[in-house]
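Reviewing the structure listed below.
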Amino acid sequence: MSRAIFKSTTALVGVAVLASGCAGGAGAPGVSTAGMPGALEPIHAAAFTKDAAVFWVSSNGCTRKDDLIPIVSIRGGDAVITLRRIDEDRCHQPAAQGVELKWSFEELGLAPGSPVSVNNPYQLPQT
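Position in the sequence shown (from 1) plus 139 gives the number in my numbering.
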């Protein structure tokens with residue numbers, strides 16, 4: 140079972156398309172991060188297929204999927220994902236391009252093809 144937190148029980152019916160949704164900028168309008176666990180995680184990139192959400196985040200060498208939690212909120216009938224870091228990466232071997240982390244829509248409680256946006260700020264990879 141995923142550690143995703145669902146703020147709404149609204150069922151989403153999505154159209155199955157290869158790439159659904161878009162990556163919003165530094166926060167989707169009207170989606171508050173107050174009271175969410177952990178710290179808001181800047182992301183390098185996000186991509187969506189009909190049944191998966193993929194994020195690239197910074198890593199000091201030990202970042203794992205379990206170190207972050209995707210929080211799914213519903214805004215205007217669409218899913219908004221906010222990635223929060225709940226465990227700090229204390230390693231000392233930074234990954235220049237970050238690491239790729241992937242969640243299936245099933246893990247996130249979303250129907251395949253659901254429209255999705257991101258509520259995280261973007262940060263360029265460290266070079």
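We put the beta carbon where it would ideally sit given N, CA and C, even for glycine.
If I measure Cβ to Cβ from Gly177 and keep anything under 6 Å in the same chain, skipping five residues before and after, which residues do I get?
Result list for Gly177: Arg223, Arg224, Ile225, in chain order.
Environment of Gly160 [buried if 16+ CB atoms lie within 10 Å]:
Note that Gly160 scores 39 on pLDDT, short of 50, meaning its location in the model is unreliable; the coordinates nonetheless yield the value given after this. It is buried - the Cβ of Gly160 has at least 16 other Cβ atoms within 10 Å.
Span separating the alpha-carbon of Ala186 from that of Trp195
The straight-line gap from Cα to Cα measures roughly 9 Å.
Nearest-angstrom Cα separation, counted from Val219 out to Val257:
Rounded to the nearest whole angstrom, the C-alpha separation of Val257 and Val219 is 6 Å.
Please classify Glu180: is it buried, with 16 or more other beta-carbons within 10 angstroms of its beta-carbon, or exposed?
So Glu180 counts as buried.
With a 10 Å radius around its C-beta and 16 neighbouring C-beta atoms as the bar for buried, classify Pro260 as buried or exposed.
Per the 10 Å Cβ criterion, exposed.
Same chain, Cβ closer than 6 Å to Ala184, neighbours up to 5 away in sequence not counted
Here the set comprises Trp195.
When the Cα atoms are used, what is the spatial distance from Glu239 to Leu249?
Distance between Glu239 and Leu249, taken at the CA atoms: about 20 Å.
I need the straight-line Cα distance from Leu136 to Pro233, nearest angstrom please.
This structure cannot settle anything about residue 136, because the visible part of the chain is limited to 140 through 266.
Taking just the CA atoms, how far does Arg203 sit from Pro251?
Computed Cα separation, rounded: 24 Å.
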